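Asks: The structure that follows is given in the form of structure tokens.
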Amino acid sequence: MEAEKIIKALADKPLQKKEQNYLVDRENEISKLNMLTRYHPFGIFGLCGETGVGKTTILNMIDSEEIKKIRISLIHRENKESILYDLLYTISLNLSRVENHAIKNLAKEVLNWIIEEVAVIKGATLGVSMIAKGDAKYEKTQLPRFNVFAAHEKLHRLLKTSIEEYGKIALLIDELDKESKQDVLNVLDSLKFELQQESMVTIFSLPYSIYREYKQDRMKWNESGNLENIIKDVIFLYEMSDSDILELLLRRLEGMNGWFKKNALVQIVSFADGNPRDALWIAQKVAFENLSEKYVDESKCKTTIKKIVREYMGSLILTEIQKKALKLCTDFIGSKEEILELFQNSGIKRTTAYSTLDRLVSSGLILEREGMYRISGKAKIFVSLI
Ligand SMILES: Nc1ncnc2c1ncn2[C@@H]1O[C@H](COP(=O)(O)OP(=O)(O)OP(=O)(O)O)[C@@H](O)[C@H]1O
Ligand SMILES: [Mg+2]
Numbered sequence: 001m002e003a004e005k006i007i008k009a010l011a012d013k014p015l016q017k018k019e020q021n022y023l024v025d026r027e028n029e030i031s032k033l034n035m036l037t038r039y040h041p042f043g044i045f046g047l048c049g050e051t052g053v054g055k056t057t058i059l060n061m062i063d064s065e066e067i068k069k070i071r072i073s074l075i076h077r078e079n080k081e082s083i084l085y086d087l088l089y090t091i092s093l094n095l096s097r098v099e100n101h102a103i104k105n106l107a108k109e110v111l112n113w114i115i116e117e118v119a120v121i122k123g124a125t126l127g128v129s130m131i132a133k134g135d136a137k138y139e140k141t142q143l144p145r146f147n148v149f150a151a152h153e154k155l156h157r158l159l160k161t162s163i164e165e166y167g168k169i170a171l172l173i174d175e176l177d178k179e180s181k182q183d184v185l186n187v188l189d190s191l192k193f194e195l196q197q198e199s200m201v202t203i204f205s206l207p208y209s210i211y212r213e214y215k216q217d218r219m220k221w222n223e224s225g226n227l228e229n230i231i232k233d234v235i236f237l238y239e240m241s242d243s244d245i246l247e248l249l250l251r252r253l254e255g256m257n258g259w260f261k262k263n264a265l266v267q268i269v270s271f272a273d274g275n276p277r278d279a280l281w282i283a284q285k286v287a288f289e290n291l292s293e294k295y296v297d298e299s300k301c302k303t304t305i306k307k308i309v310r311e312y313m314g315s316l317i318l319t320e321i322q323k324k325a326l327k328l329c330t331d332f333i334g335s336k337e338e339i340l341e342l343f344q345n346s347g348i349k350r351t352t353a354y355s356t357l358d359r360l361v362s363s364g365l366i367l368e369r370e371g372m373y374r375i376s377g378k379a380k381i382f383v384s385l386i
């Protein structure tokens with residue numbers, strides 16, 4: 001088998017619109033995002049999900065029809081100010097290439113301003129730190145700041161002009177999903193004025209944790225919450241089903257003459273726990289390890305996965321009770337009460353059962369999905385090794 005071909009087929013990168021034949025499931029989520037882009041008059045929305053579950057892929061699939069779509073991937077996310085600058089830069093770069101003269105000219109003007117501004121800031125920062133010679137106090141007070149007010153004003157004007165010219169715009173902003181809840185809130189709050197203009201819909205990819213907090217805020221369980229003031233709605237990307245992960249792999253491996261036997265792929269699916277990135281990652285690892293083989297069957301696949309789990313999880317330290325609990329639920333799936341009962345029936349004390357379960361869930365060794373608990377695919381292999 002040509003090694004290069006298999007590795008290429010399993011490459012982990014967000015799917016583009018032209019690669020839709022590889023896209024599995026997600027019709028509902030994509031259709032919801034299409035609808036809200038087209039029909040909501042304005043507002044900020046979130047696309048939440050764990051890392052690697054497919055947020056960027058889904059953002060790429062949005063079809064806003066005649067509504068002008070501006071796609072942005074944040075790179076400089078050090079703080080609120082760098083995000084503002086990054087946003088302004090990327091939007092103006094995007095709009096400096098459009099046909100509409102009014103927008104193109106304004107975008108170019110903003111682009112030049114921001115390039116000069118950043119050059120000045122960099123130069124001055126360098127100058128100051130050279131004079132300051134490591135005197136932190138001096139450096140702090142003298143450090144030039146981003147011209148935040150001007151940047152906000154320019155962002156507002158650029159978006160407003162685009163709305164006037166295009167009628168409606170959709171901003172799709174990726175990569176805010178790597179930040180903490182507080183940082184996300186600060187950023188969204190600081191951009192409220194610019195992003196909540198009439199005839200403009202913004203969709204952010206947001207961290208997994210935001211979803212839970214958002215639901216609580218909406219239902220007013222969370223006194224201090226204020227997410228619902230900023231975010232109108234959140235679309236959550238759940239993990240994929242095992243059969244969808246299998247389908248994803250089959251589509252990627254089409255034309256590889258069954259080099260991966262079906263029962264080998266089942267092992268990969270179990271490892272992935274519904275996460276497409278994990279599936280592609282482990283499949284590539286297995287392929288690398290077995291390139292000289294004529295094919296990979298269940299046994300070869302299992303051996304490689306075990307080797308990788310040993311390598312990656314070998315240093316994981318578990319207490320005897322945690323090990324016992326994990327072994328108990330190797331072939332278990334059930335509610336919280338049922339799993340606690342399972343632990344207690346095997347001699348684990350009630351309070352210990354609770355704390356052990358919490359610990360194993362927070363470390364991802366036991367998964368909780370829609371109220372049902374089960375061991376993760378990775379942990380299942382790990383316990384078979386100890
Ligand atoms: N529905 C899908 N069908 C087929 N492949 C998918 C699907 N969703 C995601 N993938 C694949 O899974 C991998 C991860 O997807 P993607 O990069 O979109 O995830 P993400 O949530 O944006 O990750 P990150 O948190 O790192 O930004 C990619 O290789 C992508 O091609
Ligand atoms: Mg992404």
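Position 199 (the sequence shown) corresponds to 199 in my numbering; numbering is contiguous.
We put the CB at the ideal spot given by N, CA and C, even for glycine.
Just so we're clear, the structure is a prediction, and the values are computed from it rather than from any experiment.
Assuming V269 is part of the beta strand (DSSP E), what are its boundary residues?
Replies: Your numbering for residue 269 matches position 269 in the sequence shown. That residue, V269, is in no beta strand (DSSP E); its alpha helix (DSSP H) goes 262-272.
Asks: Going by beta carbon distance, what residues of the same chain come within less than 6 Å of L328, once the five residues before and after it are set aside?
Replies: Your numbering for residue 328 matches position 328 in the sequence shown. Hits under 6 Å: L342, S346.
Asks: Once the 5 residues before and after A353 are set aside, which same chain residues still bring their CB inside 8 Å of it?
Replies: If you number the sequence shown from 1, residue 353 lands on position 353. Only A325, L340, F343, Q344 meet the Cβ criterion.
Asks: Provide the residue(s) that pair with L367 in DSSP beta bridges, ordered along the chain.
Replies: Your numbering for residue 367 matches position 367 in the sequence shown. Note: L367 sits in a beta bridge opposite R374.
Asks: Can you list, in chain order, the stretches of the alpha helix (DSSP H) that have 4 or more residues and sit fully within the segment 318-347?
Replies: Runs found: 320-328, 336-345.
Asks: By the DSSP assignment, the alpha helix (DSSP H) with F391 in it spans what residues?
Replies: Limits of the chain in this structure are 1 at one end and 386 at the other, which puts residue 391 out of reach.
Asks: Just tell me which of A151, Q267, F332, I333 has its CA closest to the CA of T387.
Replies: Outside the modelled stretch of the chain, which goes from 1 to 386, sits residue 387, for which no answer is possible.
Asks: Can you tell me which residues fall inside 5 Å of ligand 1, judged by beta-carbon distance to its nearest heavy atom, and keep chain order?
Replies: Here the list is D12, P14, L15, L23, V24, R26, T51, G52, V53, G54, K55, T56, T57, L248, P276, R277.
Asks: If contact is defined by three or more beta carbon pairs under 8 Å, each pair taking one atom from either stretch, is the segment 66-75 in contact with the segment 163-176?
Replies: With a cut-off of 8 Å, the segment 66-75 and the segment 163-176 count as touching, because enough Cβ pairs lie within range.
Asks: I need the straight-line Cα distance from L385 to I366, nearest angstrom please.
Replies: If you number the sequence shown from 1, residue 385 lands on position 385. If you number the sequence shown from 1, residue 366 lands on position 366. Between L385 and I366, the C-alpha separation is close to 17 Å.
Asks: Could you check if S209 belongs to the surroundings of ligand 2, using beta carbon to heavy atom distance under 7 Å?
Replies: Translated into the one-based positions of the sequence shown, residue 209 becomes position 209. Checking the Cβ of S209 against ligand 2 gives no.
Asks: Cβ of D331 within 7 Å of any heavy atom in ligand 2?
Replies: In the sequence shown, residue 331 corresponds to position 331, counting from 1. Every heavy atom of ligand 2 is 7 Å or more from the Cβ of D331, so no.
Asks: Whose CA, out of G49, L33, E50, lies closest to the CA of G43?
Replies: Within the sequence shown, residue 43 is the residue found at index 43, counting from 1. Comparing Cα-Cα distances from G43 to each of G49, L33, E50, the minimum goes to L33.
Asks: Taking the beta strand (DSSP E) that R26 belongs to, which residues open and close that run?
Replies: As a working note, residue 26 is residue 26 in the sequence shown. First-last for R26: undefined, no H or E at that position.
Asks: Does the contact criterion of 3 or more C-beta pairs under 8 Å hold for the segment 297-305 versus the segment 76-89?
Replies: No contact exists between the segment 297-305 and the segment 76-89.
Asks: Whose CA, out of E27, G258, V269, D233, lies closest to the CA of T202?
Replies: If you number the sequence shown from 1, residue 202 lands on position 202. Nearest option by C-alpha distance: D233.
Asks: Can you give the Cα-Cα distance for L15 and Y22, rounded to whole angstroms?
Replies: Residue 15 sits at position 15 when you count from the first residue of the sequence shown. Residue 22 sits at position 22 when you count from the first residue of the sequence shown. Cα to Cα, L15 sits roughly 8 Å from Y22.
Asks: Give me, in chain order, the residues of the same chain whose beta-carbon lies closer than 6 Å to that of R251; leave out the 5 immediate sequence neighbours on both sides.
Replies: The count along the sequence shown starts at 1 and reaches residue 251 at position 251. Excluding positions up to five away in sequence, the list reads Y22.
Asks: Who does F193 pair with in a DSSP beta bridge?
Replies: Here the question's residue 193 lines up with position 193 in the sequence shown. Its beta-bridge partners do not exist; DSSP assigns none.
Asks: So the beta strand (DSSP E) F204 belongs to, where does it begin and stop?
Replies: Position 204 of the sequence shown, counted from the first residue, corresponds to residue 204. Residues 200-206.
Asks: Could you pull the DSSP bridge partners for R71 from this structure?
Replies: Here residue 71 refers to the residue found at position 71 of the sequence shown. DSSP, once it has assigned bridges, lists L172 as partnering R71.
Asks: Report all residues from its chain with a CB closer than 7 Å to the CB of G49; omit the five preceding and five following residues, and keep chain order.
Replies: Position 49 of the sequence shown holds residue 49. For G49, where only same-chain residues beyond five positions count, the Cβ hits under 7 Å are K55, Y208, F236, L237.
Asks: Do you know offhand how far E19's Cα is from V120's?
Replies: For this step, residue 19 is matched to residue 19 along the sequence shown. For this step, residue 120 is matched to residue 120 along the sequence shown. Approximately 42 Å between the Cα atoms of the pair.
Asks: May I ask which residues mark the beginning and end of the beta strand (DSSP E) holding V98?
Replies: Taking the first residue of the sequence shown as 1, we reach residue 98 at position 98. It is not in any beta strand (DSSP E) - V98 carries neither H nor E in the DSSP assignment.
Asks: How many Å lie between K336 and Q322 at the Cα?
Replies: As a first step, residue 336 is located in the sequence shown; it is residue number 336 there, counting from the start. As a first step, residue 322 is located in the sequence shown; it is residue number 322 there, counting from the start. Their Cα atoms are separated by approximately 16 Å.
Asks: What residues in its chain sit with their C-beta under 8 Å from that of S376, if we drop five residues either side in the sequence?
Replies: One-based indexing of the sequence shown puts residue 376 at position 376. Excluding residues within five positions, the ones whose Cβ falls inside 8 Å are D273, G364, L365, I366, L367.
Asks: Following a CB-centred definition, is D273 positioned closer than 7 Å to any heavy atom of ligand 2?
Replies: As a first step, residue 273 is located in the sequence shown; it is residue number 273 there, counting from the start. Checking the Cβ of D273 against ligand 2 gives no.
Asks: Which residues share a DSSP beta bridge with V53?
Replies: In the sequence shown, residue 53 corresponds to position 53, counting from 1. Answer is none; V53 lacks a bridge partner.
Asks: Please determine whether the Cβ atom of D244 lies at a distance below 7 Å from any heavy atom of ligand 2.
Replies: Locating residue 244 in the sequence shown gives position 244, where the first residue counts as 1. Because no heavy atom of ligand 2 lies under 7 Å away, the Cβ of D244 does not count as near it: no.
Asks: Looking at the unbroken alpha helix (DSSP H) that takes in I245, where does it start and where does it end?
Replies: Position 245 of the sequence shown holds residue 245. Where I245 is concerned, the enclosing alpha helix (DSSP H) stretches over 242-252.
Asks: Are there 16 or more other CB atoms within 10 angstroms of the CB of N105, so buried, or fewer, so exposed?
Replies: Position 105 of the sequence shown, counting from 1, holds the residue named residue 105. By the neighbour-count rule (16 or more Cβ atoms within 10 Å), N105 is not buried but exposed.
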